[in-house]
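Chains as they are written, first to last, in the numbering used here: chain A, 1 to 286; chain Y, 287 to 567.
Where a beta carbon is used, it is the ideal one built from N, C-alpha and C, also for glycine.
Data first, discussion second: the structure below is written as structure tokens.
What follows is the structure, given as structure tokens:
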């Protein structure tokens with residue numbers, strides 16, 4: 001079983017478009033959406049949810065007013081500024097339990113919080129594991145790990161050849177969770193100054209993992225000079241650019257229809273996405 | 287006044303709105319721009335600040351004095367993040383799991399735990415085209431963005447208009463960036479992805495009780511799907527930036543739209559008027 005993760009550094013470069021197209025073209029795959037903050041892959045793959053699991057995040061402190069004698073120690077030890085005037089601001093509580101451990105009156109309880117949901121679904125292209133993180137919740141990294149674990153179990157049980165993951169933007173904790181255990185990372189960038197800057201940071205992060213990295217330039221023809229600069233940067237770094245997707249209004253139309261672009265038309269973007277799917281599978285031939 | 291520029295979806299144009307708004311207003315009122323997208327800070331690419339100060343952001347992580355340690359096991363028990371574990375006759379620290387809460391050092395009965403400062407990022411300050419510019423950068427491989435964001439926000443000057451460029455999403459990083467703002471501008475794009483993630487962002491800012499309005503970037507064909515939602519929810523539409531290949535090219539090169547297109551300059555003045563009206567109301 002091989003794991004392919006689609007990342008970008010910068011948001012909005014086309015991760016989900018690429019992932020959905022791979023899902024449609026690469027047979028024999030379990031699909032996952034690890035952008036648990038703002039999960040969009042479902043809009044193109046139309047999963048039918050089969051199982052739903054609750055995701056419990058960090059516990060949060062809760063002060064029992066009847067027992068509290070307002071000594072103020074909890075407020076003093078809390079490094080997250082989550083206790084003010086003997087009340088817990090659950091948005092800032094990181095569940096560290098220091099207040100709970102230090103309270104002489106045992107007036108603080110740690111309570112479970114429902115931080116989101118995880119789903120196992122069926123799509124036309126294979127099973128899909130996805131999740132939704134509750135509003136204003138943390139722990140997206142842990143939720144990503146759970147999504148990946150479930151996907152691996154399904155892939156092993158069902159003898160699937162690939163796991164294809166739509167990753168989150170950035171370089172922080174959910175990205176690190178998405179990268180761990182991946183065999184191939186496809187990094188989607190765009191020909192802009194910001195696209196290149198963010199590509200550099202995510203490539204540096206990927207160097208810490210045993211993962212084969214390939215780059216895809218989306219909408220490469222919108223700024224050809226910038227695309228050349230990115231190509232040169234990748235050559236200098238010894239990283240192969242395996243896809244160049246032209247700007248194509250059919251992509252937006254496909255998204256509006258809720259289908260992967262490769263199933264909507266055989267326009268120039270769809271053709272480029274087919275090349276990417278082929279090249280990606282070729283990476284596993286040897 | 288603090289105005290946060292946020293979005294659920296990445297790549298919708300948060301930075302475009304933040305830098306162009308800051309530049310449009312700098313000759314009228316004192317402006318500070320805080321780049322809180324510490325995983326991928328981009329505002330500097332457009333405003334080219336000259337940094338004069340740099341401060342490290344560190345996390346206090348435990349260091350065990352094995353001589354004093356009696357292997358009582360309290361530290362491993364109290365750590366909510368499993369960052370401490372006993373292996374053989376030694377307590378090991380897994381720094382990347384540590385949140386720096388200080389519980390272990392506080393509760394160790396043998397005083398065997400001290401804290402060392404692990405670098406997780408840095409904050410730079412300077413001036414960019416007449417704008418006070420503060421930026422946070424998360425070290426590559428570090429997982430904890432919120433402490434870096436908090437450090438950036440600790441530099442807020444009350445006598446200026448503070449514009450915050452937020453990270454995407456709706457989880458802890460985004461919350462930390464927009465918390466305490468007087469107004470939030472949510473930037474979206476007219477696609478089903480844009481709408482889906484806008485709805486999440488709207489729920490988030492409502493949860494925080496921050497007044498907000500919407501900017502549609504790359505406006506065009508699909509605007510109706512966003513506008514329909516805004517009407518149903520009685521959410522104000524503050525501005526539309528039309529899709530135009532010339533604008534895309536300008537952005538791609540890291541240049542400011544308001545410096546090159548007078549019609550965009552007009553749009554940003556109107557945006558500011560709309561924000562002021564909303565905040566007063």
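**OP:** Counting only the same chain and skipping the five closest in sequence on each side, list residues whose C-beta sits under 6 Å from that of residue 127 of chain A.
**Re:** In the first chain, the residue the question calls residue 127 of chain A occupies position 127. So the list reads 30 and 154, once near-sequence residues are dropped.
Original post:
Start and end of the beta strand (DSSP E) containing residue 218 of chain A?
Top reply: Counted from its first residue, the first chain places residue 218 of chain A at position 218. Residues 212-218.
**OP:** Mind the definition here: the stretch 117-133 of chain A touches the stretch 25-39 of chain A only if three or more C-beta pairs lie below 8 Å; say whether that holds.
**Re:** yes
**OP:** Within the same chain, show all residues whose beta-carbon is closer than 6 Å to that of residue 378 of chain Y, passing over the 5 residues directly before and after it, in chain order.
**Re:** Position 92 of the second chain holds residue 378 of chain Y. Contacts found: 371.
**OP:** Classify residue 310 of chain Y as helix, strand or coil using the three-state DSSP reduction.
**Re:** Counted from its first residue, the second chain places residue 310 of chain Y at position 24. The answer is helix: DSSP assigns residue 310 of chain Y an H, G or I state.
Original post:
Residues in the stretch 251-262 of chain A with C-beta within 8 Å of chain Y's C-beta atoms, listed in sequence order?
Top reply: 252, 255, 256 and 258
Original post:
Under 8 Å, do residue 27 of chain A and residue 63 of chain A count as touching if we go by C-beta distance?
Top reply: The residue given as residue 27 of chain A occupies position 27 in the first chain. The residue given as residue 63 of chain A occupies position 63 in the first chain. For residue 27 of chain A and residue 63 of chain A, no; Cβs fall outside 8 Å.
Original post:
Going along the stretch 1-23 of chain A in order, which residues come within less than 7 Å of chain Y, judged by CB to CB distance?
Top reply: 9, 10, 11, 12, 13 and 16
Subject >> Contacts of residue 204 of chain A in chain Y (Cβ-Cβ under 7 Å) >> reply: As a first step, residue 204 of chain A must be located in the first chain, where it is residue number 204. Those within 7 Å of residue 204 of chain A in chain Y are 426.
Original post:
Which one of A:175, A:66, A:5 and A:41 has the shortest CA to CA distance from residue 123 of chain A?
Top reply: Position 123 of the first chain holds residue 123 of chain A. The residue with the shortest Cα to Cα distance from residue 123 of chain A is A:41.
Original post:
Beta carbon of residue 16 of chain A, beta carbon of residue 151 of chain A: below 8 Å?
Top reply: The count along the first chain starts at 1 and reaches residue 16 of chain A at position 16. The count along the first chain starts at 1 and reaches residue 151 of chain A at position 151. It is not a contact, given that the beta carbons lie outside the stated cut-off.
Original post:
Under the rule that 16 or more other beta-carbon atoms within 10 Å means buried, what is residue 520 of chain Y, buried or exposed?
Top reply: Translated into the one-based positions of the second chain, residue 520 of chain Y becomes position 234. Exposed: under 16 other Cβ atoms inside 10 Å.
Subject >> Interface flag, residue 137 of chain A vs chain Y, CB-CB below 8 Å >> reply: To locate residue 137 of chain A, count along the first chain from 1; it is residue 137. Interface residue, yes.
**OP:** Report the option in A:159, A:118, A:158 and A:66 whose CA atom is closest to the CA atom of residue 143 of chain A.
**Re:** In the first chain, counting from the first residue as 1, residue 143 of chain A sits at position 143. Closest by alpha carbon: A:118.
Original post:
Which residues in chain A sit within 7 Å of residue 479 of chain Y, going by Cβ to Cβ distance?
Top reply: Stepping through the second chain from its first residue, residue 479 of chain Y is reached at position 193. Residues of chain A passing the Cβ test: 16, 40, 43 and 255.
**OP:** Return the CA-CA distance between residue 536 of chain Y and residue 408 of chain Y, expressed in angstroms with no decimal places.
**Re:** Counting from one through the second chain, the residue named residue 536 of chain Y turns up at place 250. Counting from one through the second chain, the residue named residue 408 of chain Y turns up at place 122. When rounded, the distance between both Cα atoms is 29 Å.
Original post:
Just the Cα atoms here: how many angstroms apart are residue 149 of chain A and residue 552 of chain Y?
Top reply: Position 149 of the first chain holds residue 149 of chain A. Position 266 of the second chain holds residue 552 of chain Y. So the two alpha carbons sit approximately 51 Å from each other.
**OP:** Verify whether the separation of the beta carbon atoms of residue 339 of chain Y and residue 421 of chain Y is less than 8 Å.
**Re:** Residue 339 of chain Y sits at position 53 when you count from the first residue of the second chain. Residue 421 of chain Y sits at position 135 when you count from the first residue of the second chain. No, these two residues do not count as a Cβ contact at 8 Å.
**OP:** Using beta-carbon positions only, say whether residue 319 of chain Y and residue 554 of chain Y come within less than 8 Å of one another.
**Re:** On the second chain, residue 319 of chain Y is found 33 positions in, with the first residue counted as 1. On the second chain, residue 554 of chain Y is found 268 positions in, with the first residue counted as 1. No, they are not a contact pair.
**OP:** Using the DSSP secondary-structure output, state which residues sit across from residue 7 of chain A in a beta bridge.
**Re:** If you number the first chain from 1, residue 7 of chain A lands on position 7. Partner(s): A:187.
Original post:
Using Cβ-Cβ distances below 7 Å, what residues of the stretch 178-201 of chain A are close to chain Y?
Top reply: 191, 192, 193, 194, 197, 198 and 201
**OP:** Could you check what DSSP says for residue 338 of chain Y in three-state terms: helix, strand or coil?
**Re:** For the purposes of this step, residue 338 of chain Y is taken as the residue at position 52 of the second chain. Residue state, collapsed to three classes: strand.
Subject >> Under the three-state DSSP convention, the category residue 162 of chain A falls into >> reply: As a working note, residue 162 of chain A is residue 162 in the first chain. Residue 162 of chain A: strand per DSSP, three-state reduction.
Original post:
Can you give, in chain order, each stretch of the beta strand (DSSP E) that sits fully within the stretch 479-565 of chain Y and has at least 3 residues?
Top reply: 498-505 and 523-528
Original post:
Thinking C-beta only, is residue 345 of chain Y closer than 8 Å to residue 388 of chain Y?
Top reply: Along the second chain, read from residue 1 onward, the residue named residue 388 of chain Y stands at position 102. Along the second chain, read from residue 1 onward, the residue named residue 345 of chain Y stands at position 59. Going by C-beta atoms, residue 388 of chain Y is not nearer than 8 Å to residue 345 of chain Y.
Subject >> Cβ separation of residue 264 of chain A and residue 250 of chain A, assumed to be a contact under 8 Å, to the nearest whole Å >> reply: Counting from one through the first chain, the residue named residue 264 of chain A turns up at place 264. Counting from one through the first chain, the residue named residue 250 of chain A turns up at place 250. The Cβ separation is near 6 Å, so the contact holds.
Original post:
residue 503 of chain Y and residue 359 of chain Y: beta carbons closer than 8 Å?
Top reply: One-based indexing of the second chain puts residue 503 of chain Y at position 217. One-based indexing of the second chain puts residue 359 of chain Y at position 73. No, Cβ-Cβ distance for residue 503 of chain Y and residue 359 of chain Y is not below 8 Å.
Original post:
Checking contacts by CB at 8 Å: is residue 79 of chain A closer than that to chain Y?
Top reply: By 1-based counting over the first chain, the position of residue 79 of chain A is 79. Output row for residue 79 of chain A: interface = yes.
Original post:
How would you label residue 395 of chain Y, buried or exposed, when you count the other beta carbons within 10 angstroms and need 16 or more for buried?
Top reply: For the purposes of this step, residue 395 of chain Y is identified with residue 109 of the second chain, where counting begins at 1. Exposed: under 16 other Cβ atoms inside 10 Å.
**OP:** Reducing DSSP to helix, strand and coil, say where residue 36 of chain A ends up.
**Re:** Here residue 36 of chain A refers to the residue found at position 36 of the first chain. Note: residue 36 of chain A maps to coil in three-state DSSP.
Original post:
On the three-state DSSP scale, how would you describe residue 471 of chain Y?
Top reply: The residue given as residue 471 of chain Y occupies position 185 in the second chain. Looking at residue 471 of chain Y - three-state DSSP - the assignment turns out to be strand.
Subject >> Nonlocal neighbours in the same chain, by C-beta distance under 8 Å from residue 196 of chain A, ignoring five residues either side >> reply: Here residue 196 of chain A corresponds to residue number 196 of the first chain, with the count starting at 1. 189, 226, 229, 230 and 233.
Subject >> Status (buried if at least 16 other CB within 10 Å, exposed otherwise) for residue 248 of chain A >> reply: Sequence index remark: in the first chain, residue 248 of chain A carries index 248 (1-based). Label assigned to residue 248 of chain A: buried.
**OP:** Could you tell me whether any Cβ in chain A is nearer than 8 Å to the Cβ of residue 385 of chain Y?
**Re:** Numbered from 1 along the second chain, position 99 holds the residue referred to as residue 385 of chain Y. True, the Cβ-Cβ gap to chain A drops below 8 Å.
**OP:** For residue 53 of chain A, count neighbouring C-beta atoms within 10 Å of its own C-beta (all shown protein chains included) and say buried if the count is 16 or more, exposed if not.
**Re:** As a first step, residue 53 of chain A is located in the first chain; it is residue number 53 there, counting from the start. The residue in question, residue 53 of chain A, is exposed, as its Cβ has fewer than 16 Cβ neighbours within 10 Å.
**OP:** Report the rounded CA-to-CA distance for residue 518 of chain Y versus residue 556 of chain Y, giving the unit in angstroms.
**Re:** Taking the first residue of the second chain as 1, we reach residue 518 of chain Y at position 232. Taking the first residue of the second chain as 1, we reach residue 556 of chain Y at position 270. Taking the straight line from one Cα to the other gives about 24 Å.
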